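Here's the structure we're looking at; comments come further down.
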Amino acid sequence: MELDSLYQEVILDHYKNPHHKGLPQGKVQVHHVNPSCGDEITLSLEIKNGIVDQLVWDGVGCSISQASSSIMSDLVSGKSFDEALSIFDQFSELMQSKGSISGDEEVLEDAVALAGVSKFPARVKCALLGWMAFKDAAIQARQI
Amino acid sequence: MTLQAPFDIARIKADFPIFDQAMRGGKRLVFLDSGATSQKPRAVLHAEAEFYFTSNAAVNRGSYLLAERASEAFDGAREVVAQFLAVSADEIVFTKSATESINLLAYAFGNPASGISVKAGDEIVLSELEHHANLIPWQELAKRTGATLKWFNAQLDGSLDLSTISEIITEKCKVVAITHQSNVLGSIPELAPIIAAAHAVGALVVLDACQSVPHMPVKPQELGVDFLAFSGHKALGPTGVGVLWGRYELLDQLQPMLFGGSMIESVTMTSATWAHPPKRFEAGVPNMAQAVGMAEGLKYLSAVGLERIHQWELALTQQALNGLHEIDGVRILGPQGIENRGGVISFTIDEVHPHDVGQVMDQYGVAVRTGHHCAWPLIRKLGVSGTTRASFYLYNDLADVDVLLESVVAARDYFRKQ
């Protein structure tokens, strides 16, 4: 079924057992909402010596938004600010691709499982919710 | 309750070209999102196109043949809407949407130059069932004027708590703006006591009839309300056209929201005076073709019969409720039966987010709305993050209900099997 290309096993795994999900308590804290569906995320992180650290998020949302946030947290944690933002750019490009690219697994790792989302335009914003929150927080944290 | 449709649904469906195509996976379209917007019959699409093909000119301006045709078509559309609501044509204001209709009123009430205006210390009364379109304009009016916002609490069964009605509607109340039917739950709140209480203190009642006018007979004068708003696109018509009805002597006291051509009586370099309603509120060249299309949609509904449509939607709703009640893990929000409701059902599936529910249902060709339905305060009150909403219309049949139920089970199982 076409559905299985959207909801890949790895997505459902992250949905059921999200990583880095907890109580965001860092100094830099952002809250993003998806006004069309009501999904919300709160995320905090630090940039320590140029490295993304202490990323914690909490939120409510569909399997795609929750899994994508979990995958994003794994990917950017421990990366340099520049590297993390470059991963963000690649993921964002994948989401806008309407299914025309499959994503570089070397860089995006589990996030390539979200490639199928790009064929469902209504769900792209779900997949991007956590990522947008990350970018917002990272830029704020670097300025501290 | 009969399960025999009171009209030939196959024939009706054949009038709607949107059904002549396959959805994902080759599935037929099971359209259960008429609460958001309705599909359009050929007659509406043709009427709209026909206007451009044969009658296009700016209304009420030129003296040439096309201008005459355009004005006749546009005025004719106004007559149709007036007859549909059993009111006078000079009480029908064409807007671009029901949202604009309500904003127009809230704006006019906030203008001290209006004969009826809301001032600091006055009270505006709403309900917790309101769509954002009948909430935020009033919030903003309260902010601009220093008036106070009050509201009736929604109860879990979709009704309103009227036990404190005398504390909510007081002598300070100027406007009561309330929905005729909840777009989320389908419940029809008890309006009579609210209207009576409002009028007893001299307050005006604005009815958001977006969910009712397209689906059941609604006569604002029988209801006793003072203003009513609905949109064309939910009533088989095109997008871009809505209606504001108001009692003429009230409309005539209101200041316009938009200024420009068509809405004036006389203009000098420094000032202008306004035409009488409805023109006063229709600045600029209006959405003529859309108004004509909308009128065609209303004629279509009248020909089928609004009461018959309402009864059929209730039969479908009952059938769907029976099925949903039996699906383990499904919770129906709002009214559990068909008393005091329209053909709208909101439900949740345990541990499955509505967005994911809708995605699985889409694989079955089922179009439903998911999320907060532009009624965020109500969704919070219900204690959920969102719902899945199925809404019925005259082109739905019992087979649609079967697919609905099948797809709900599939959605539940898809996320449970893991």
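Line by line, the protein sequences are chains V and L. Quick note, in our numbering, the first sequence goes up one by one and the last residue is 144. Quick note, in our numbering, the second sequence goes up one by one and the last residue is 1418. Backbone N, C-alpha and C fix where the C-beta goes; we use that ideal spot for every residue, glycine too. Just so you know, these numbers come straight off a predicted model, no measurement behind them.
Bounds of the beta strand (DSSP E) holding valine 1175 of chain L are 1173-1179. The region 1340-1356 of chain L makes contact with the region 1387-1403 of chain L; the number of CB pairs closer than 8 Å reaches 3 or more. Taking 8 Å as the cut-off, the beta carbon of valine 1292 of chain L is found closer than this to the beta carbon of phenylalanine 1051 of chain L. By the beta-carbon neighbour count (other beta carbons within 10 angstroms, threshold 16), proline 1193 of chain L is exposed. Uninterrupted beta strand (DSSP E) stretches at least 3 residues long and entirely within the region 1346-1382 of chain L occur at 1369-1371, given in chain order. In the structure shown, phenylalanine 1109 of chain L falls within a helical segment according to DSSP collapsed to helix, strand and coil.
Proximity of chain L to valine 60 of chain V at the Cβ level (cut-off 7 Å) is accounted for by Ser1385, in chain order.
According to DSSP, residue pairing for leucine 1204 of chain L in a beta bridge involves L:Val1175.
Judged by pairs of C-beta atoms under 8 Å, the region 103-114 of chain V touches the region 64-74 of chain V, as three or more such pairs exist. Valine 52 of chain V is positioned such that its CB atom lies no closer than 8 Å to that of leucine 43 of chain V. Membership of valine 56 of chain V in the beta strand (DSSP E) is indicated by the continuous run 51-60. Residues of chain L with a Cβ closer than 8 Å to the Cβ of glycine 38 of chain V are, in chain order, Gly1371, His1372, Trp1376, Ile1379, Ser1385 and Gly1386. Among the residues of chain L, those whose CB is under 8 Å from the CB of leucine 6 of chain V are Gln1359, following chain order. The shortest CA-to-CA distance from glutamine 1336 of chain L to any of L:Pro1354, L:Asp1356, L:Leu1314 and L:His1355 is the one to L:Leu1314. Pairwise C-beta distances place the region 1267-1274 of chain L out of contact with the region 1223-1241 of chain L, as fewer than three of them are shorter than 8 Å. Around the beta carbon of histidine 1353 of chain L, 16 or more other beta carbons sit within 10 angstroms, so the residue counts as buried. The beta carbons of leucine 85 of chain V and alanine 133 of chain V sit about 14 Å from each other, so the pair does not count as a contact at 8 Å. In the DSSP assignment, alanine 1272 of chain L falls within the beta strand (DSSP E) that extends over 1272-1274. Nearest neighbour of alanine 1120 of chain L by Cα position, chosen from L:Phe1259, L:Leu1149, L:Ala1077 and L:Asp1033, turns out to be L:Leu1149. Between alanine 1235 of chain L and serine 1407 of chain L, the CB-CB gap reaches or exceeds 8 Å. Considering only L:His1325, L:Pro1041 and L:Gln1318, the residue with the shortest C-alpha distance to valine 1304 of chain L is L:Pro1041. Chain-ordered, the chain L residues with CB closer than 8 Å to the CB of leucine 3 of chain V read Gln1359, Val1360, Gln1363 and Tyr1414. A straight-line Cα-Cα distance of about 13 Å links lysine 1013 of chain L and alanine 1399 of chain L. In summary, arginine 1078 of chain L is buried, with 16 or more beta-carbon neighbours lying within 10 Å of its beta-carbon over all protein chains present. As DSSP reads the structure, lysine 21 of chain V sits in a beta bridge with V:Trp57. Taking a Cβ-Cβ threshold of 7 Å, the residues of chain V close to histidine 1353 of chain L are Gly61, Cys62 and Ser63, in chain order.
Within its own chain, the residues whose Cβ lies closer than 8 Å to the Cβ of histidine 1199 of chain L, once the five positions on either side in sequence are excluded, are Val1205 and Gly1224, listed in chain order. Measuring C-alpha to C-alpha distances from leucine 6 of chain V to each of V:Ile144, V:Cys62 and V:Asp104 identifies V:Cys62 as the nearest. Arginine 1011 of chain L counts as exposed, since fewer than 16 other beta carbons sit within 10 angstroms of its beta carbon. Looking from the CA of glutamine 1155 of chain L, the closest CA among L:Ala1375, L:Leu1382, L:Gly1386 and L:Glu1265 belongs to L:Leu1382.
With at least 16 other beta carbons inside 10 angstroms of its own, glycine 1297 of chain L counts as buried. Residue environment analysis places arginine 1412 of chain L among the buried positions, since at least 16 neighbouring C-beta atoms fall within 10 angstroms of its C-beta.
The C-beta distance from isoleucine 41 of chain V to arginine 142 of chain V rounds to 20 Å, too long to meet the 8 Å contact threshold.
The C-beta distance from alanine 127 of chain V to isoleucine 64 of chain V rounds to 5 Å, short enough to fall under 8 Å. Beta-bridge partners of threonine 42 of chain V (DSSP): V:His31 and V:Asp58. For valine 1304 of chain L, the three-state secondary structure derived from DSSP is helix.
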